[in-house]
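What follows is a single structure, written as structure tokens, with notes after it.
There are 2 protein chains.
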Amino acid sequence: MTQLLLRTPADVGALIRDRRRVLKLDQADLARMIGVSRLWVNQVEKGKPGASLGLVLRALDALGARPMVDVGAGDASSVPPVVTADIDAIMAAARKWEPKRRDLPDGGT
Amino acid sequence: MTQLLLRTPADVGALIRDRRRVLKLDQADLARMIGVSRLWVNQVEKGKPGASLGLVLRALDALGARPMVDVGAGDASSVPPVVTADIDAIMAAARKWEPKRRDLPDGGT
DNA sequence: GGGTCATGTCAGCGATCGTATACAATCCAA
DNA sequence: TTGGATTGTATACGATCGCTGACATGACCC
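Protein chains in written order, with the numbering used here: chain A, 17 to 125; chain B, 17 to 125.
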């Protein structure tokens, strides 16, 4: 029994896609199960960072995935590295979801 | 070492508030750490369902909380109860975040 | 070739997010 | 009690969400 880490929206998306396939569901099936559009499932599986927490948790639940965290003793001693993480990775992922630029065809100086 | 389950936005909010206090941070501190407003932290801690996945994951990471899921063998046999869960609980929680009604002061018949 | 299914993508639209700012509650120490 | 720090709320505004509906692609089978 492996423990899969969920650190980014992409991780969550990958997990959802995985579980969905294991259960032999297509995007439309899952969408109906959790009460969202097929487009939503499609985008979330691709790591959409702005997806709403509630819907994502519903998706995981519907797929039988129980997200959890280890809560140690409770002392402040439990905060290891945490350096505000990979800013680069975060920015790169976010860039993929930037709004379409339809005007400003001019790159400016 | 206990395993805490994250099934709803309220669960996530409670976890965030807990970890934040253990680390002796106020809402403003945490907000700065993850690059959001203090209001955002305040609302998320209270279980805002529409909070964006990316920001929530950043908050958890900043607090040293690593969300994870157990990935069993991979067989479809791993989807136990899951009956679209507590519709009532979900609706009740969602109701708390309904938009303010500023017009329609008339309740209609 | 023709048909079906699952997936990826686009456009437009109303609803909601997250923000800045301001002010009211609480709490706790002195 | 007084004062400061922390938290809870309210408003308005631009940005983004999630939706519908449509169309294109690719895989697969007939």
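Even glycine gets a Cβ: it sits at the ideal position worked out from N, Cα and C.
Beta-carbon proximity list for residue i, same chain, < 6 Å, skipping 5 on both sides
i	result
proline 97/A	With a pLDDT of 48 at proline 97/A, under the threshold of 50, the modelled position of this residue cannot be trusted; read the value that follows with caution. If we look at proline 97/A and ignore the five residues flanking it on each side, it has no Cβ neighbours.
isoleucine 50/A	Arg74, Ala75 and Ala78
valine 99/A	Residue confidence is low: valine 99/A scores 46 on pLDDT, short of 50, so the model does not pin down where it sits. Its coordinate-derived value is still stated next. Excluding positions up to five away in sequence, the list is empty.
valine 57/B	Gln43, Leu46 and Ala47
Nearest neighbour of residue i, chosen from the options [CA to CA]
i	options	result
glycine 66/B	Thr18/B, Arg36/B and Trp113/B	Trp113/B
methionine 17/A	Val28/B, Ser53/B and Met84/B	Met84/B
proline 25/A	Lys64/A, Trp56/A and Gln19/A	Lys64/A
methionine 107/A	Gly70/B, Leu31/B and Leu20/B	Gly70/B
glycine 29/B	Asp86/B, Lys62/B and Ala105/B	Lys62/B
aspartate 34/B	Leu20/A, Asp27/A, Gly88/A and Arg35/A	Gly88/A
alanine 59/A	Asp86/A, Lys40/A and Asp27/A	One detail in the question is off: residue 59/A reads as glutamine in this sequence, not alanine. When only C-alpha atoms are compared, the closest one is Asp27/A.
leucine 20/A	Val52/A, Leu41/A and Asp86/A	Asp86/A
Sequence-distant residues of the same chain with beta carbon closer than 7 Å to residue i, five excluded per side
i	result
alanine 12/A	The displayed coordinates of chain A run from 17 to 125. Any statement about residue 12/A would go beyond what the structure contains.
arginine 23/B	none
leucine 2/B	Not covered by the structure: residue 2/B. The range shown for chain B is 17 to 125.
valine 72/A	Val28 and Val60
valine 52/B	Leu71
Cβ-based burial, residue i [other Cβ within 10 Å; buried from 16]
i	result
isoleucine 32/B	buried
glycine 80/A	buried
arginine 37/B	exposed
Unbroken alpha helix (DSSP H) run spanning residue i, endpoints
i	result
aspartate 86/A	It is not in any alpha helix (DSSP H) - aspartate 86/A instead sits in the beta strand (DSSP E) that spans 84-87.
aspartate 77/A	69-78
alanine 26/A	25-38
alanine 81/A	Where alanine 81/A is concerned, there is no enclosing alpha helix (DSSP H), given that its DSSP letter is neither H nor E.
aspartate 104/A	103-111
leucine 55/B	54-61
aspartate 45/B	43-50
Residue range of the beta strand (DSSP E) that includes residue i
i	result
leucine 20/A	18-21
Own chain, CB closer than 8 Å to residue i, minus 5 neighbours either side, in chain order
i	result
alanine 110/B	Pro65
arginine 82/A	Leu76
Legend entry - Contacting positions in the region 69-83 of chain A - beta carbon closer than 9 Å to chain B: Leu69, Gly70, Leu71, Val72, Leu73, Arg74, Leu76, Asp77, Ala78, Leu79, Gly80, Ala81, Arg82 and Pro83
Inset, instruction - Closer than 7 Å, Cβ to Cβ, to anything on chain B: give me those residues from the region 26-37 of chain A, in chain order. - result: Those residues of the region 26-37 of chain A that come within reach of chain B (Cβ to Cβ, closer than 7 Å) are Val28 and Leu31.
Inset, instruction - Could you run through the region 43-61 of chain A and flag, in chain order, every residue whose CB is less than 9 Å away from some CB of chain B? - result: Met49, Ile50, Gly51 and Val60
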